[in-house]
Each structure stands twice: as structure tokens, then as C-alpha cells.
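In the UniProt record's numbering, the protein residues as written are 1 to 484.
Just so you know, even glycine gets a beta-carbon here, dropped at the ideal spot from N, CA and C.
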């Protein structure tokens, strides 16, 4: 380091103290500026080059996200990118700490009075801890993101949108040894417009009988007349497809979890829609994920039992508006069956999914990311490839801006014991058509779909409770169902 040209001892002590404080604050605001002003200009210029490079990268990513948001997200969540970012943050923390130490030295603490020297030393230590701590905290978040992506998302096969829509199968079931015998109690197909993100939730009753399978599939060969056999009882319902396939793996060579494949094929046969991806959620562990995000707030139309159906009722979730539920109570709100029909429970599950979609803000994800990622690894299993995270996240962000529609093939429209599958498929197509019509009405003069809902006033639907006794069988805003 070059020597100072003037002797600082000729300055008044208060001036030397202010100078020392200024050098530290300069390092906080613009690392390297203290060195440019009073130390090694070469070191300061290198610090500025690093800062300039970081700013250029950030600006580039911001501009890229404006024209290609999904690609930007894919780039940012790539495990390789996250590893590089993690290493750079650690190196940046070390370099910034070194600049603070050098700025403290340039302040000539030995020329200061005892109290001023102590103040300068404490300030320097606090700034080092704050800056380095923040960067190391950021690196742990990046590490958690990388671990989460690597653990949950793999190198699955990319699936193209079918007729302009991504259809994602959402399954909820209790965990078990190797998941053998698991019956997905919650089966919902989310059909998402690949352009606007507008979503239709198709809730499928778990007690749907005689489910057909697409021609050419192994399940269609085993059950050419639909999923039934002699004296099978409840095992022949839709939620029994998973269990049957897991118990007959010999028919699915090379498939790790045939239960998921068979259930996916059953849903395709039911709805007439191609299933692009699935997401399996362990309902028992779902409460940990909800706790990680701080719970959800929903309207409860009537008291919901905690427990029951094979176990004693331990209490109730009381009715009321804006009820904040932690993970445990939100889980029971979604899964409770005592004193309720399957169709009522399906509606409550839609309410929970919609509440999470609307209430999980980017700020909350950032501040609680480590706990969210840790919980998600334990409860989420999916075949969405890591390379499609950008596309799915992009659509999720768009869907937050729009109402979510729903359709459920339930009585009285559909008899689940003897379903009219042609009617179900036509109603599914009708539900999607109504949803797409909303996008068409909101399109601009160039015919490009907009993410902004139509400003044309429409008659608002009635707002039944979040736990209606009658199922919803037509398209509507799911949020309107979840009102007390």
C-alpha cells in the first residue's frame, strides 16, 4: 500500500475521527472507494470492476426476464448456476470483509483517542458482521435452493403442452413403506393455459367406479371394460388404481412407481386430457409445509371435525371469516371426512390450494425459503424436470393474477358408481372452453392474450360457504366457494 502524502497527525483529532468513520461508510456504500480515496487505487479499481460486473449481470437478467421470463427462471434455478452463485457470494463476502479491514487501517486508529478508537473498532466489526453475515445467509438460501431442486426435480422427460394447455395431476395421499397400498385421497387435475396461466381445477372423486384407460396402455389391456373385477368392492374405485398397480409391478417393467403411471392413465381416460406431469403430496407431512409458510387464512362455513372415521374426534375447526389455520388445522380442514361427503371435502381441498396460490408471496418465500425447501423435500414428489421449472413457475406467477375455475364430475350430474364418461369428458371440455373464452374476451386488438381479466362487468356468482353440502359441478371462481 502507498504511504499517505500528508501526515494525518497534523489534523485535529476530531477530523481524524470523522475521516476514519467516513472511510468505513464509503466501503459500505461503495466497496473500493476508500482505497481509491486514501489507499491502493489499484485495489479500489479491482473492487469497482467486480461491482460493475455484478451490476451488469443483474441488469442483463432483469432485461432478459422482461422478454423471456421462463428462460431466466430456468437459468437462475439451474443447480450449476446456483453452485456458481453460492461460491461467488462466499468470495464476495471474504473480499468485502478484507476491504473493511483495510479501510479501518487507512483510518489510522492508533492516532485516535481511546473512545474514538473504540467506536471506530466497534463500527468496523459491526459492518463486517452485517455484510458478511448477509452474504453467507444468502449463500445458505442458494444452497437450500440447489439442494431442493436436485432432490425434488430430476431429469424427467419434458412434456409439451397439449392443445395449448399443461395438465398437471395433483395427488394427495398418506405416506407408507415404499408407498405400497397408498390410496390417493385427493385427486385434482390442474389444466393451465400455456399462454396466460388461467387455470381450471378438475376435482375427481376418489370413489369413481369403472374408470376407463387410454387405448394401448397396459391398464387398458388388464381392464378393457374399465377398472373393475369380481367382488373387488372399494378396491375398484379411482383411488384404488394406485394400489393395484403397485401390487402388480410385473406388468410395468422398468417403471419405478407404476401406481403413479396407472393413476395418470386413469385420469386421462376419465377426462380425455393428456396429463403432462404429476405432483404427489404426502398429506400427513403437508402440515409441515404449511407451517413453513406461516399457515393460510380461509373462511370456514361450518365446523370441521379434527379426526373421526376410524379414530376419535379430537376437536373442531370453528366456523368464521378469515380463520388463520396453522399446518395441523389446515391439513384437517383439507382432509376431514367425518360428517361430510367426499364432494364437500374436495371443495375444501380446492380452497386450500387456492389460498396457498394467492397467499404465498415472493417475499414470504424468500424470508422462509430454507424451511419451505426442507419441508417440500419431505412431502413433494414430481416428474416435472428441472429444465421445466421456469415454464411452470412462469405460469404459476401468471395464474396468481387470474381467478381459478373449477369443475367436479359429482352427483347429481354424475353418478360415481355408474359414471357417464362421455358426459364427463364433454363437461371437462366445456369447462375449459369457458375458461379460454375469458382469455379471448380479454385479448387485445392484435389477438394476443392478456393476463389481465376482462374489465367487462359481469354478474358475480353467489358466495356459498367454504364447506358447502352440495358439490360444485360447473365452472366458477373457486375463491367464491371459499367464503363464509
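(message) I'd like the ranges of any beta strand (DSSP E) spanning at least 3 consecutive residues and lying wholly in the region 377-433.
(response) Counting only runs of 3 or more residues that sit fully inside the region 377-433, the beta strand (DSSP E) segments are 380-382 and 405-407, in chain order.
(request) Please name the residue in 297, 337 and 292 whose C-alpha comes closest to that of residue 506. (result) There is simply no residue 506 to check, as the chain begins at 1 and stops at 484 in what is shown.
(request) Specify, as a first and last residue, the run of the alpha helix (DSSP H) that residue 329 falls within. (result) Within the chain shown, numbered from 1, the residue matching residue 329 stands at position 329. Here the alpha helix (DSSP H) through residue 329 covers 327-335.
(request) Out of 110, 213, 309 and 61, point me to the one whose CA is closest to residue 264's CA. (result) Your numbering for residue 264 matches position 264 in the chain shown. Residue 213 holds the alpha-carbon nearest to the alpha-carbon of residue 264 among 110, 213, 309 and 61.
(message) If you measure between the beta carbons of residue 353 and residue 205, is that distance less than 8 Å?
(response) Looking up residue 353 in the chain shown gives position 353. Looking up residue 205 in the chain shown gives position 205. No. Outside cutoff.
(request) Look at residue 104 and residue 24 and say whether their C-beta atoms are less than 8 Å apart. (result) Translated into positions along the chain shown, residue 104 becomes position 104. Translated into positions along the chain shown, residue 24 becomes position 24. In contact: residue 104 and residue 24 (Cβ atoms closer than 8 Å).
(request) Under 8 Å Cβ to Cβ from residue 208, same chain only, skipping five residues before and after it: list those, please. (result) As a first step, residue 208 must be located in the chain shown, where it is residue number 208. If we look at residue 208 and ignore the five residues flanking it on each side, its Cβ neighbours are 237, 238, 270, 409, 416 and 419.
(request) Give the secondary structure of residue 163 by DSSP, where H, G and I count as helix, E and B as strand, and everything else as coil. (result) As a working mapping, residue 163 is identified with position 163 in the chain shown. DSSP places residue 163 in the coil class of the three-state scheme, outside both helix and strand.
(request) From the DSSP output, read off the bridge partner residues of residue 85. (result) The count along the chain shown starts at 1 and reaches residue 85 at position 85. Beta-bridge pairing links residue 85 to no other residue.
(message) Output needed for residue 184: all residues of its chain with C-beta closer than 8 Å, excluding positions within five of it in sequence on either side, in chain order.
(response) On the chain shown, position 184 is the one that residue 184 refers to. 171, 172, 173, 206, 239, 242, 263 and 280.
(request) State the Cα-Cα distance for the pair residue 156 and residue 278, rounded to the nearest angstrom. (result) Position 156 of the chain shown, counting from 1, holds the residue named residue 156. Position 278 of the chain shown, counting from 1, holds the residue named residue 278. Our two residues, residue 156 and residue 278, have alpha carbons roughly 11 Å apart in a direct line.
(request) Return the CA-CA distance between residue 434 and residue 334, expressed in angstroms with no decimal places. (result) Looking up residue 434 in the chain shown gives position 434. Looking up residue 334 in the chain shown gives position 334. Residue 434 and residue 334: Cα-Cα distance of roughly 27 Å.
(message) Judging by CA-CA distance, which residue of 66, 48, 85 and 31 is the nearest neighbour of residue 394?
(response) Within the chain shown, residue 394 is the residue found at index 394, counting from 1. That would be 66, whose Cα lies nearest to the Cα of residue 394.
(message) According to DSSP, simplified to helix, strand and coil, what is residue 305?
(response) By 1-based counting over the chain shown, the position of residue 305 is 305. Per DSSP, reduced to three states, the secondary structure at residue 305 is strand.
(request) Taking residue 283 and residue 186 to be in contact with their CB atoms under 8 Å, please state how far apart those CB atoms are, rounded to whole angstroms. (result) Within the chain shown, residue 283 is the residue found at index 283, counting from 1. Within the chain shown, residue 186 is the residue found at index 186, counting from 1. In this structure, residue 283 and residue 186 form a Cβ contact; the two beta carbons are roughly 7 Å apart against a cut-off of 8 Å.
(message) Between residue 313 and chain C, is any beta-carbon pair separated by less than 8 Å?
(response) You won't find chain C in this structure, because it holds only one protein chain.
(request) Go ahead and pull the three-state DSSP assignment for residue 150. (result) Residue 150 sits at position 150 when you count from the first residue of the chain shown. Note: residue 150 maps to helix in three-state DSSP.
(request) Along the beta strand (DSSP E) that carries residue 310, what are the first and last residues, could you check? (result) Taking the chain shown and counting its residues from 1, one reaches residue 310 at position 310. Counted as a single uninterrupted DSSP element, the stretch harbouring residue 310 is not any beta strand (DSSP E), since DSSP gives it neither H nor E.
(request) Could you check what DSSP says for residue 20 in three-state terms: helix, strand or coil? (result) Numbered from its first residue, the chain shown carries residue 20 at position 20. Assigned with DSSP and collapsed to three states, residue 20 falls in helix.
(message) Relative to the C-alpha of residue 48, which candidate in 40, 31, 56 and 39 has its C-alpha closest?
(response) By one-based count along the chain shown, residue 48 stands at place 48. Ranking the options by Cα distance to residue 48, first place goes to 31.
(message) Within a Cβ cutoff of 6 Å, which residues of the same chain sit near residue 168, ignoring the five residues on either side of it in sequence?
(response) Counted from its first residue, the chain shown places residue 168 at position 168. If we look at residue 168 and ignore the five residues flanking it on each side, its Cβ neighbours are 190 and 277.
(request) Within the same chain, show all residues whose beta-carbon is closer than 8 Å to that of residue 72, passing over the 5 residues directly before and after it, in chain order. (result) One-based indexing of the chain shown puts residue 72 at position 72. Closer than 8 Å at Cβ, skipping near neighbours: 61, 64, 65 and 390.
(request) Could you spell out the range, first to last residue, of the beta strand (DSSP E) harbouring residue 338? (result) Here residue 338 is taken as the residue at index 338 of the chain shown, counted from 1. That residue, residue 338, is in no beta strand (DSSP E); it is neither H nor E in DSSP.
(message) Tell me the rounded alpha-carbon separation between residue 166 and residue 199.
(response) Taking the first residue of the chain shown as 1, we reach residue 166 at position 166. Taking the first residue of the chain shown as 1, we reach residue 199 at position 199. Roughly 9 Å between the two C-alpha positions.
(message) With distance defined between alpha-carbon atoms, name the residue in 314, 114 and 399 nearest to residue 328.
(response) Looking up residue 328 in the chain shown gives position 328. Comparing Cα-Cα distances from residue 328 to each of 314, 114 and 399, the minimum goes to 314.
(message) I need the boundaries of the beta strand (DSSP E) containing residue 297, first residue and last residue.
(response) As a working note, residue 297 is residue 297 in the chain shown. Note, residue 297: beta strand (DSSP E), 296-300.
(message) Quick check on DSSP: helix, strand or coil for residue 10?
(response) The residue labelled residue 10 in the question sits at position 10 within the chain shown. Helix at residue 10.
(message) In the DSSP assignment, the beta strand (DSSP E) including residue 204 goes from what residue to what residue?
(response) Here the question's residue 204 lines up with position 204 in the chain shown. Taken as a continuous stretch (DSSP letters only), the beta strand (DSSP E) holding residue 204 covers 199-204.
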